[in-house]
Structure formats: structure tokens, C-alpha cells
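Read the structure below first, then the notes.
This is the structure:
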């Protein structure tokens, strides 16, 4: 019972911190989420331009046997596992003490990586439409060509999820690999388990092979995704303000509400935000700097955590 109460109190305090960050960053988060719809809309639009034709000569197709319609779900199942497991991991600071990041700030970075990669993807697959190699995109399939839309609503609704699963023409480069590589690179930087980092890269390689084997993409779509996404994450990550490492205990806290008069709550609040378990007496005295609370000796502003710097 005591452990349950302690866990509940930790979840509540972590939620209050994340809500403060969400209030500051919700516009950016919303913009990133909206762009996911725009990306889907662009992929749906290129399907109207798709013209089926002979499958292009491909080295991956020569090496890997085709999974076929009956076993094509294997690739999607692995991708679903990657997506769900990563999403759950980003919320682990609400429960576990080994927290190195704020969930809101982490998803801001992830969405920035995704949006930049997806913009490049939209440009490339609209530049040249290749004949889709998947079974439903080949000549003779009813899904290979889309009839002209009867209304704007038909386009805007994207025919979800049918239109997403059975899309054609959005080939170079793979959207599945964008998500997979962004997730793997993010965990590689902010995760703490070396074995999971190694396993994540292995899964990314297996995912690449399964996509080619299921004929959802040409091999070039996977190759381009590997170096494009890695370069995008490398350069965007350098431009974004670095997140505070909560496990180090060296980063400043979010400003505490002066109305919080309960000493025990304040102490727990400090420990939670800093990822620290030291006594309140060990904290260095804070000084006032331009109306902001910073730590003595380095004058770091307390609102730097909220801004992600």
C-alpha cells in the first residue's frame, strides 16, 4: 500500500511538471502532429498520379524472396512493435526514477526529426513516380490506379486506414524507416540500456530487410532512408537546444510555486524534477538573477528547462 501511494504521488508530481511544459510547448507539438496528417495527405495525393508498370530491376528483390500477400503482415507487425514500445518508453519518467528527460521535450525533438525527414520525402516522391512493387500496385490490380476524386472531402479524409495501407507511388524514401530510425537514434542518445540500444539497431536492420521482402519498397527507398534520416537527425539535433540531463542532478529546476507551503511536497517536487534523491539540505542556495531563479555559481535560468535549453 505504501509503495502504491508513493508511486501515485510520483505520477501526480511528474504529471504536474509535464503539464507546465505542455502549456509552454503545445503549439509546436500540435504543429508536428498536424504535419503527420499533411504527410498522409501528400502520400494519398501521389496515389492519384501513380501508373502501374513493370517492376524495376532491384538487387534486394533478387536476394530476398517475396513474402507475398499472406505474409506481408510480418513487416507491419514489427513496425507496430517498434512504434508502441518507443511510445511507452517515452512515458517511463512518470513511473521510474531513472529518468533522463522530460517527455514533452523529447517528443518535440522527435516530431522535429520526423517533419524534416517527411518534407524531404514528399519532395522526392512527387519529383518522380515509380511503379509500385507491392502486389496491390501492380498492373491488373484495382487498387493500382485511383479514379479521379469526386469531391475535396474524399481527398481530405485520406480513406483512412484503407488508403494508408494500400497506397501506391509514395516510394522514395520509406516512411516506415523514417519512424524506425528516428526512434532508434533517439533511444540511442537518451536511453540507458546498452543491450536495448544494440537490439534496436538489429531490429532496424531486420525491418529494412522485411520491407524489401514484402515488396512495399524498392531497395533504393531503404538505402536513401538510412543516410537521409541519419543526416537529418544529426544536423537538426545540433540546431535544437539540448535537453537537460535529469539524471545528473546538475540542471536547474522548474520554478516552484511560492504558494506551495508544504515542506514535504516541495522536497519531493525538487527530487522528482532533478532526478535526485539527496536531502533538501544539500541544495545550494539560489540567487535572484533578472527576476529568475538560478543556481549559485553558474547563473542558469530556471526557465531553461521549460524552453529545452
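In the numbering used here, the protein residues as written are 18 to 326.
Where is the CB? At the ideal position from N, CA and C, for every residue including glycine.
Measuring alpha carbon to alpha carbon, tell me which of 176, 170, 145, 169 ends up nearest residue 160.
As a working mapping, residue 160 is identified with position 143 in the chain shown. Of the listed residues, the one whose Cα sits closest to residue 160 is 176.
Do the stretch 188-207 and the stretch 119-136 meet, that is, are 3 or more Cβ pairs less than 8 Å apart?
yes
CA nearest to the CA of residue 138, picked from 76, 242, 227:
In the chain shown, the residue the question calls residue 138 occupies position 121. Of the listed residues, the one whose Cα sits closest to residue 138 is 242.
So, using beta-carbon positions, are residue 65 and residue 166 closer together than 9 Å?
Residue 65 sits at position 48 when you count from the first residue of the chain shown. Residue 166 sits at position 149 when you count from the first residue of the chain shown. Yes, they are a contact pair.
Tell me the DSSP secondary structure of residue 185 in three-state form.
In the chain shown, residue 185 corresponds to position 168, counting from 1. Correct three-state label for residue 185: coil.
8 Å CB neighbourhood of residue 224 in its chain, flanking five on each side removed:
As a position in the chain shown, residue 224 is number 207, starting the count at 1. Hits under 8 Å: 92, 95, 96, 99, 193, 194, 197.
Nearest candidate by alpha-carbon position, reference residue 101, set 207, 200, 251, 245:
Here residue 101 corresponds to residue number 84 of the chain shown, with the count starting at 1. Of the listed residues, the one whose Cα sits closest to residue 101 is 200.
What's the C-alpha gap between residue 35 and residue 252?
As a first step, residue 35 is located in the chain shown; it is residue number 18 there, counting from the start. As a first step, residue 252 is located in the chain shown; it is residue number 235 there, counting from the start. When rounded, the distance between both Cα atoms is 27 Å.
Spatial neighbours of residue 278 in its chain, beta-carbon cut-off 7 Å, leaving aside the 5 residues before and after
Along the chain shown, read from residue 1 onward, the residue named residue 278 stands at position 261. With a pLDDT of only 38 at residue 278, under the threshold of 50, the placement of this residue in the model should not be trusted, and no figure is reported.
Spatial neighbours of residue 191 within its chain, please: CB distance less than 7 Å, with the 5 preceding and 5 following residues excluded, ordered by chain position.
Reading the chain shown from its first residue, position 174 is the one you call residue 191. Around residue 191: 228, 234, 238, 239, 242.
Should residue 32 and residue 123 be called a contact, given that it needs their Cβ atoms to be closer than 9 Å?
Against the chain shown, residue 32 aligns to sequence position 15. Against the chain shown, residue 123 aligns to sequence position 106. No, they are not a contact pair.
Check residue 110 in the structure and name its three-state DSSP category.
Residue mapping note: residue 110 aligns to position 93 of the chain shown, counting from 1. Here residue 110 sits in helix by DSSP.
Is it right to say residue 281 is buried, meaning 16 or more other beta carbons lie within 10 angstroms of its own, or is it exposed?
Counting from one through the chain shown, the residue named residue 281 turns up at place 264. Per-residue confidence for residue 281 stands at a pLDDT of 48, beneath the threshold of 50, marking its modelled position as unreliable; the derived number appears in the next sentence. Residue 281 comes out exposed.
Taking the straight line between their C-alpha atoms, what separation do you get for residue 76 and residue 236?
Translated into the one-based positions of the chain shown, residue 76 becomes position 59. Translated into the one-based positions of the chain shown, residue 236 becomes position 219. Each residue's alpha carbon lies about 7 Å from the other.
According to the Cβ coordinates, are residue 185 and residue 67 closer than 9 Å?
Along the chain shown, read from residue 1 onward, the residue named residue 185 stands at position 168. Along the chain shown, read from residue 1 onward, the residue named residue 67 stands at position 50. Yes. Within cutoff.
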